[in-house]
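Trainee: Right, I'll just put the structure down here and ask away after.
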């Protein structure tokens, strides 16, 4: 799973759109399950195995490699974040990036998983439009009669109606 705005304490992505551009810090999350007898399995304490994350750009060129030590997680999840603006390179490209997760034990580099994520750039409008079209779909729109569309800000919301204003006695909006 890939996203942005990770809350490490809650092990939850706060950035609901997962929109990542060349100025973002994307995070990849890998959730481990127990496999008896496997060296890459999470143990009973939810400690993940040592792994290596290899971040690759759209041309599959390696951008960064991160070695992650075992991590005690409440859900058996391990995270790797990449702060793109802090990378010491100027030739990064928007497009479909990948992250390859491999074992990081002596003499072993078995591929365990791959995650693909779109990295956007508004400077390349055709690519930007193609990525948005591939990953987002307009489910609903409203241009007239928006008061009957539940998600619209024009839809009546009785809980938010202020009928008379501020009441000094109750010190509340009424």
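Numbering (the working numbering), first residue to last: 73 to 246. A virtual CB, placed ideally from N, CA and C, is assigned to each residue, including glycine. Note that this is a predicted model, so its numbers are computed, not measured.
1) Mind checking which residues open and close the beta strand (DSSP E) that includes residue 190?
2) Indicate the three-state DSSP secondary structure (helix, strand or coil) for residue 204 in the structure shown.
3) Indicate the three-state DSSP secondary structure (helix, strand or coil) for residue 140 in the structure shown.
4) Which residue wins for smallest C-alpha separation from residue 98, given the options 128, 195, 184?
5) Residue 226 to residue 86, Cα distance in whole Å?
6) Would you please state the rounded distance, in angstroms, between the beta carbons of residue 121 and residue 142? I believe it to be under 8 angstroms.
7) Quick one, which of 84, 153, 75, 161 has its alpha-carbon nearest residue 133's?
8) Does DSSP put residue 222 in a helix, a strand or coil?
9) Taking the alpha carbon of residue 135 as the reference point, which residue from 245, 201, 144, 164 has its own alpha carbon closest?
10) Would residue 168 and residue 198 qualify as a contact pair, given that the criterion is a beta-carbon distance under 7 angstroms?
11) What's the gap between the Cα of residue 223 and the Cα of residue 212?
12) Measure the C-alpha to C-alpha separation of residue 236 and residue 91 and round it to an integer number of angstroms.
Mentor: Short version:
1) 183 to 191
2) helix
3) strand
4) 128
5) 26 angstroms
6) 6 angstroms
7) 161
8) coil
9) 164
10) no
11) 9 angstroms
12) 41 angstroms
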